[in-house]
Each structure stands twice: as structure tokens, then as C-alpha cells.
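**Student:** Residue numbers (my numbering): 34 to 195.
#1: With respect to the beta strand (DSSP E) encompassing residue 123, which residues constitute its N-terminal and C-terminal limits?
#2: Specify the secondary structure class of residue 155 as computed by DSSP and reduced to three states.
#3: Can you name the start and end residues of the beta strand (DSSP E) that residue 38 belongs to?
#4: Just to confirm my understanding: we take residue 87, look at its own chain, exclude 5 residues before and 5 after, and list those with CB closer than 7 Å. What are they?
#5: Check residue 143 in the structure and name its three-state DSSP category.
#6: Taking Cβ positions, are residue 43 and residue 108 nearer each other than 7 Å?
#7: Which residue's Cα is closest to the Cα of residue 64: 138, 47, 153?
#8: Grab the span of the beta strand (DSSP E) containing residue 102 for me, first residue to last.
#9: If you measure between the beta carbons of residue 106 and residue 145, is that distance less than 7 Å?
#10: Take the Cβ of residue 126 as the centre, count every other Cβ of all protein chains shown within 10 Å, and call the residue buried at 16 or more, exposed below.
#11: Using the C-alpha atoms, what's the distance from residue 53 back to residue 61?
#12: Does residue 193 pass the burial test, meaning 16 or more other C-beta atoms within 10 Å, or should it be called exposed?
#13: Could you spell out the range, first to last residue, of the alpha helix (DSSP H) harbouring residue 90?
#14: For the alpha helix (DSSP H) holding residue 57, just list the boundary residues, first then last.
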């Protein structure tokens, strides 16, 4: 599987560890930056670039997921979710890693690099990458509604207040 990474200075060192771990597990890793430490860098472009690459790969039939992280993971999740077709989930424990895939078919995981040990974060990523989407109708229906709203601003048969 191809796995796209994006972070900021808060996750720069973890990126190297995670990339090595994922590569050793047989995945192709694409690092969207940053490449050097800058305490004033901004995460949005790095995370958005990783998210765009996930969508492009998935639309081309390439099995791909993304991992974005920063101090808390919150901003990085928000940035990734600005990309059409991305369902980024903030993960902070085993359950949220598994449910992100099972119920939401999340294609990007966001983790707070300052909130977890490297071992914990790697464990969450491994769970996320290995877990398939359940395919249950209720989850597929909800994901379709989100995609419909994302592209049209409406959900057929549902009231959306503006």
C-alpha cells in the first residue's frame, strides 16, 4: 500500500521513524514534508499535499492511505479534510483507529505527535492501515451523504439549513 505522510515541525522526527517502520512493513511511503526543522513552519500545505495525493492515488486505483500529524493532530485533521474526497479522522486510541476505518472508511489518520509516545502512534497507524472498511449499508449510506454534501452542498431528501 502507498502511504502519504504530512506533518509540521512537531512531527518531523517522528516522520523518519514512521517512514522506516512502514517501509519495513512493505509499504511504499511518500513524505510530503517538511524536510527540515523550522519552528515557524505551517502544517496546512504539507497535510493538504498528502491528502491530495491520497485522493489522486485512490481515483487511479492505487491502494493508498494518509497519515498526518502535528502537536495535537487537530489542525492537521482539519487541513486534510479540506480536500474533496478525504475523510480524515483524529485518532487517540485503538478504538478510534479501528472505527475510523470500519465505520467511516477514513482514508487519512491524524495523530497528535505530542500526545503519544512513538510506539503508541505507530500502533495506531498499524491498526488503521490493517483495518478494512466494514461495507455495512448504514455506514456506506452516511459516507455517500457526506460526499454528496461535499460536492453539491445538499443531501437528497434531507434538510440542510444554510
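We put the beta carbon where it would ideally sit given N, CA and C, even for glycine. Please read all numbers here as calculations on a predicted model, not as lab measurements.
**Tutor:** Looking at the coordinates:
#1: 121-123
#2: Annotated three-state conformation of residue 155 is helix, per DSSP.
#3: Where residue 38 is concerned, the enclosing beta strand (DSSP E) stretches over 35-39.
#4: 37, 97, 98, 99, 119, 140, 141
#5: Strand at residue 143.
#6: no
#7: 47
#8: 97-103
#9: yes
#10: exposed
#11: 10 Å
#12: exposed
#13: 76-92
#14: 45-57
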